[in-house]
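Presented below is the structure to which this report refers.
In my numbering, the protein residues as written are 229 to 474.
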């Protein structure tokens, strides 16, 4: 009897959390900034390797094999992400959040929702990072907790109301003086009762096929932009998060 009551309470809590999740993701649109006039042209994203599929468990599985990052080390990539929510860049006299030069048109806000337990600033092990961005016509907002963070990559667990809704693993591998960069994502929940409903909602209302195409395009574009500015700001590391691009 007690077990049944506990399961019922868990189901009620899960349903309430799911309702809050739906309201949050379908409420007010993300505020869109004007496109930035950045002094570089991104490569055609279609040259990268992207895949996605729906598993038998109802979850979405995606992968992105990014363009090779020449003359950029895995340590540089990890440093960049640590700085991403907290740093600024002076570009031709205009001060911009570092997040705004990571994509010319589709980044809104990125901030630290919960700092790392060890006190490290920015994106770090144990921190929760909140984001607002868009992929073509599709708004996207959410938070993720970083359960792994090192020069080899990072593992982010997207969550809402304490519910984990997948995982995003970034892997960096040193190769021929540069970095091979891959992202493997799982979208979905293992929760009893609510999990299948949440997975259906994510597949059909959030990460539907049109959204996935735009999201993977966005991922390729932002990572390919690192070649244009990361070496320049990395050379200025230690400047208290305020960098200048000539």
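Glycine included, every Cβ here is placed at the ideal spot set by N, Cα and C.
Whether residue 296 touches residue 410 by CB criterion (9 Å) = In this structure, residue 296 sits away from residue 410, with a CB-CB distance that is not shorter than 9 Å.
Spatial distance of residue 445 from residue 431 (CA atoms) = Going by the C-alpha atoms only, they are around 18 Å apart.
Could you name the residues that DSSP lists as bridge partners for residue 383?
-> Answer is 376 and 397.
Cα-Cα, which of 395, 270 and 310 is closest to residue 468?
-> Checking every option, the nearest Cα to that of residue 468 belongs to 310.
Would you call the CB atoms of residue 369 and residue 342 closer than 9 Å?
-> Not in contact: residue 369 and residue 342 (Cβ atoms no closer than 9 Å).
Residue 289 versus 272, 256 and 278, residue with shortest Cα-Cα distance = For the residues 272, 256 and 278, the minimum Cα distance to residue 289 belongs to 278.
Going straight from the alpha carbon of residue 281 to that of residue 429, what length do you get?
-> Residue 281 and residue 429: Cα-Cα distance of roughly 16 Å.
Which word fits residue 251, buried or exposed, when buried means at least 16 other C-beta atoms lie within 10 angstroms of its C-beta?
-> Legend: pLDDT at residue 251 = 46, less than 50; position of this residue unreliable, no value from coordinates given.
Measure the C-alpha to C-alpha separation of residue 253 and residue 336 and round it to an integer number of angstroms.
-> In this prediction, residue 253 scores a pLDDT of 49, lower than 50, which makes its location untrustworthy; the coordinate-derived value is nonetheless stated afterwards. When only Cα atoms are considered, residue 253 and residue 336 end up about 16 Å apart.
Give me the Cα-Cα distance between residue 193 and residue 391, rounded to the nearest whole angstrom.
-> No answer is possible for residue 193: it lies beyond the span of the chain, which begins at 229 and ends at 474.
Mind the definition here: the region 392-406 touches the region 319-338 only if three or more C-beta pairs lie below 8 Å; say whether that holds.
-> No, they do not touch.
Count the other CB atoms within 10 Å of the CB of residue 436; is the residue buried (16 or more) or exposed (fewer)?
-> Residue 436 should be labelled exposed.
Is residue 395 near residue 380, with beta carbons less than 9 Å apart?
-> For residue 395 and residue 380, no; Cβs fall outside 9 Å.
Neighbourhood of residue 345 by C-beta distance below 7 Å, restricted to the same chain and skipping five residues each side = Excluding positions up to five away in sequence, the list reads 354.
Check each candidate in 266, 421, 439 and 400 and name the one with the smallest Cα separation from residue 303.
-> Residue 400 is the option with its Cα nearest to residue 303.
Taking only runs of the alpha helix (DSSP H) that begin and end inside the region 291-357, which ones reach a length of at least 4 residues, in chain order?
-> Listed in chain order, the complete alpha helix (DSSP H) runs (minimum 4 residues) inside the region 291-357 are 302-311 and 326-329.
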